[in-house]
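To keep things clear, I will list the structure first and then write my remarks on it.
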Ligand SMILES: Cc1cc2nc3c(=O)[nH]c(=O)nc-3n(C[C@H](O)[C@H](O)[C@H](O)COP(=O)(O)OP(=O)(O)OC[C@H]3O[C@@H](n4cnc5c(N)ncnc54)[C@H](O)[C@@H]3O)c2cc1C
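Numbering (the working numbering), first residue to last: 82 to 570.
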């Protein structure tokens, strides 16, 4: 008899797992509280300007392609990636700037203009971050973790040690670069995992490999096309979707889940359940505490969330002098990270990131630029309410850099950490689940299978291998493989 799988959440992790499970013989049903697939990655339209909410920087395109390839599909029939060689311009208050490029000689020239010594060290840096990536790829990224036993294997222990778990990302970058502007630009990679470079381990220097050796990509028509493409493939293969319904509990009998219950009192039975919604907020909510002694409420609330974000999507009637990705740095990035992670406050001089995909594809916003503006925000506090933040802070900062948006914005939409929490059930508004500020969180994210239940699995940003669009997609693939191993063979 066909086995059934119920996936809670149609984020990239849920879609990726659903496609694989359906392909391998399960009948899959996805239950999604919102009306769209893709979770945090989705399309926003303001007049004629189209925006990608969520992932604007896309790396590791092969991960998305492989989800389709393994089912015999041609990825190019679903989405198409465009490389962006000179992808991110880093701008500083002293008027200087340099552009990250995946072309080695170009990158060396960019660095040389700011600091010749940094340019000389670039080759060594590239090799080192590639090494870090290969280690992670071999030992962590393609694996699932179910228990402590999985961690104690010798090859993994060796891999852990050689990936410099005790050195911080900041000190790793200082081994190669001396110029503070260059260090700030590289240190920003810590925010891709929602963390601070002063706490997160050097291992995450591997992000430099992804961006600078492998390259940054844009998806033709908008990054949300990745989610649309995966949804299309899932539907074609027979995955059933229930939109606009929220799972409010999972019924457990003798350590096995029998059904998901929605807010419309619908019950969806299944042999296997996969939680793609945020594990930290949803596992304690959906499963009564007596059925999860290994994951107590206390453990859930003690989790250290990743960074959140204040987002302003602004449609402009002008074309501005911006790169596809552009970062306007804080005068004091160290203080900014302290404000966010130690004090739990917005910085008074925040680093402002702007994605303007209309630079690459003007048709995304035919009447002017589509400015997706993001400021790192502290995760929501457990005690106080949401922190206030005003878009005036952004506008004032950008004016100092010669970018006056005040007269050109025709329409805009703000998204605060509280909205992110509510819309996606994201634990304290976190973008990437847990932070990697504590060394143990890097390697010991919550496991991919519930240890107290026979048939509950996890995929997505709050579980292994971590947040970010390629990682969660990989997590869906890894978990599907584990479920097949446990329940089909
Ligand atoms: C502003 C922002 C910027 C980002 N920038 C980047 C970037 O540049 N590059 C990058 O790679 N990544 C980026 N990310 C991170 C990336 O979006 C996420 O890591 C990834 O999309 C998360 O996918 P996921 O599968 O974990 O789940 P999610 O996208 O969180 O999806 C989970 C789904 O589960 C649903 N759900 C939750 N609980 C329930 C329930 N009880 N019942 C039914 N449905 C439920 C939610 O509605 C949601 O749709 C960004 C994120 C944000 C918010």
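Ideal placement from N, C-alpha and C gives every residue a C-beta, glycine not left out.
Note that the coordinates shown come from a computational prediction; the quantities given were computed from them, not determined experimentally.
- Per DSSP, residue 188 is one residue of the alpha helix (DSSP H) stretching across 185-195.
- In the three-state reduction of the DSSP assignment, residue 144 falls in the helix class.
- Between residue 544 and residue 361, the C-beta gap is not smaller than 7 Å, which leaves the two residues out of contact.
- Placement of the Cβ of residue 327 at a distance of less than 6 Å from at least one heavy atom of ligand 1 is found.
- Here residue 144 is buried, its C-beta having at least 16 other C-beta atoms within 10 Å.
- Under the three-pair Cβ rule at 8 Å, the region 161-178 counts as touching the region 397-413.
- Here the C-alpha atom of residue 495 lies approximately 49 Å from the C-alpha atom of residue 82.
- Closest option to residue 391, judged by alpha-carbon separation, among 426, 375, 414, 384: 426.
- The count of Cβ pairs closer than 8 Å, one atom from the region 562-570 and one from the region 407-414, stays below three, leaving the stretches out of contact.
- Annotation for residue 250: no beta strand (DSSP E) segment contains it, though the alpha helix (DSSP H) segment containing it runs 250-255.
- For residue 198, the number of other beta carbons within 10 angstroms of its own is below 16, and it is reported as exposed.
- In the structure shown, the three-state DSSP call for residue 289 is helix.
- Cβ contact annotation for residue 301 (same chain, cutoff 8 Å, sequence separation greater than five): 160, 161, 162, 163, 442, in chain order.
- With respect to residue 511, residue 101 sits apart: the two C-beta atoms are not nearer than 7 Å.
- Remark: the C-beta of residue 271 is outside contact range of ligand 1, defined as less than 6 Å to any heavy atom.
- Cβ contact annotation for residue 273 (same chain, cutoff 7 Å, sequence separation greater than five): 288, 549, in chain order.
- Cα atoms of residue 210 and residue 334: separation of roughly 47 Å, rounded to the nearest angstrom.
- Per DSSP, residue 370 is not a residue of any alpha helix (DSSP H), being assigned neither H nor E.
- DSSP links residue 340 through a beta bridge to 332, 350.
- Where residue 421 is concerned, there is no enclosing beta strand (DSSP E), because DSSP gives it neither an H nor an E.
- Annotated as distal: residue 353 and residue 535, with beta-carbon spacing of 7 Å or more.
- In the three-state reduction of the DSSP assignment, residue 551 falls in the helix class, which pools H, G and I.
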